[in-house]
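Below is one structure, written out as structure tokens, with a few remarks after it.
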Amino acid sequence: MEIKITTQQMLKILQVVSWIIFIGLCIDAGGIVFNVVCTFAISPLYTSNFWKEADLSALYRYDPGYFVVIALLMVIVAVLKALLFYLIIKLFINKRLNLSRPFSFEIKQLLLNISWLILGIGLFSHSGREYAEWLSKRGVKMPDPQSMRLDGADVWLFMAVILFVVAQVIKRGIEIQRENDLTI
Amino acid sequence: MPIIVNLDVMMAKRKMSLNELSEKVDITLSNLSILKTGKAKAIRFSTLEAICKALDCQPADLLEYRV
Chain A
-18 MEIKITTQQM
-8 LKILQVVSWI
2 IFIGLCIDAG
12 GIVFNVVCTF
22 AISPLYTSNF
32 WKEADLSALY
42 RYDPGYFVVI
52 ALLMVIVAVL
62 KALLFYLIIK
72 LFINKRLNLS
82 RPFSFEIKQL
92 LLNISWLILG
102 IGLFSHSGRE
112 YAEWLSKRGV
122 KMPDPQSMRL
132 DGADVWLFMA
142 VILFVVAQVI
152 KRGIEIQREN
162 DLTI
Chain B
128 MPIIVNLDVM
138 MAKRKMSLNE
148 LSEKVDITLS
158 NLSILKTGKA
168 KAIRFSTLEA
178 ICKALDCQPA
188 DLLEYRV
């Protein structure tokens, strides 16, 4: 029996997946922010059992200033990731995706925004990772970048470049479509 | 765009309405309106030929280059 999945069905599935990822990323970002706030407002003990078992107690003991920088980078990366999926969800909610005319200025703008966000995630992840390595060299026991959610910077950067190229191709497609529409 | 479409001028000279022209050249009113308002990016030779035939004019009467 052949199962045919139409574009509409595929988009419905992607919408559900996007919602799940978005909620997960929001929880992730909220968890990091909550831990940082708790560390400063309640007790520094929260650093030893940080979000996703990233042990930042050694860093906090070494210098709370460095801890703030690493925590800030983690928060920025987590928020940017959540924002990325918020943009995709907004596309589904606002019903701006018109399948009869898929090449629109909104889609081009969305792709450009997504690529800027991904570039930001890549750059902040990279700087966070470099910063963590630098701290490790200074003798601070740092958790691995994966538990700090700062891994895969190179993949994000590659993805940003690819999306920039796709956005440019779509931009040209829109121009041709518009010219075609306005040819009498 | 420095290319000006003088369709409205020719229509006025021939005392022809947009509806009448639309019926004669078999082009939708919205497309004729795009052409008339100068929003069009290009015009097909076949369309130009049909309009020239309906308005009994030359392409130069419809199109003008102005810097």
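Here the protein sequences come in this chain order: A and B.
Numbered per my numbering, the first sequence spans residues -18 to 165.
Numbered per my numbering, the second sequence spans residues 128 to 194.
We treat Cβ as the ideally placed atom computed from N, Cα and C, and that holds for glycine.
Under DSSP, residue 192 of chain B shares a beta bridge with B:130. C-alpha of residue 157 of chain A to C-alpha of residue 16 of chain A: approximately 51 Å in a straight line.
Taking C-beta separations shorter than 8 Å and ignoring five residues to either side along the sequence, the partners of residue 151 of chain A in its chain run 84, 88, 89 and 92, following chain order. For chain A, the residues of the segment 152 to 182 of chain B that bring a beta carbon within less than 8 Å of one of its beta carbons are 154, 158, 159, 161, 162, 166, 167, 168, 169, 170, 171 and 174, in chain order.
The Cβ-Cβ distance between residue 105 of chain A and residue 57 of chain A falls below 8 Å. When C-alpha distances from residue 140 of chain B are compared across B:151, B:193 and B:188, the shortest belongs to B:188. Separation of the CB atoms of residue 131 of chain B and residue 191 of chain B is rounded to 4 Å, and the pair is thereby assigned contact status at 8 Å. For residue 155 of chain A, the enclosing alpha helix (DSSP H) stretches over residues 134 to 162. Counting along the chain, the unbroken alpha helix (DSSP H) around residue 150 of chain B starts and ends at 145 to 152. Within chain B, the C-beta atoms nearer than 9 Å to that of residue 160 of chain A come from 168 and 169, in chain order.
When Cβ pairs closer than 8 Å are counted between the two stretches, the segment 63 to 78 of chain A is seen not to touch the segment 138 to 145 of chain A, the count staying below three. Rounded to the nearest angstrom, the Cβ distance from residue 144 of chain A to residue 96 of chain A is 4 Å, consistent with a contact under 8 Å. Cβ neighbours of residue 148 of chain A within its own chain (closer than 8 Å, five residues either side excluded): 89, 92, 93 and 96. Excluding residues up to 5 positions away in sequence, 152 lie with their Cβ nearer than 6 Å to the Cβ of residue 178 of chain B in the same chain. Between the alpha carbons of residue 129 of chain B and residue 193 of chain B lies a distance of about 5 Å.
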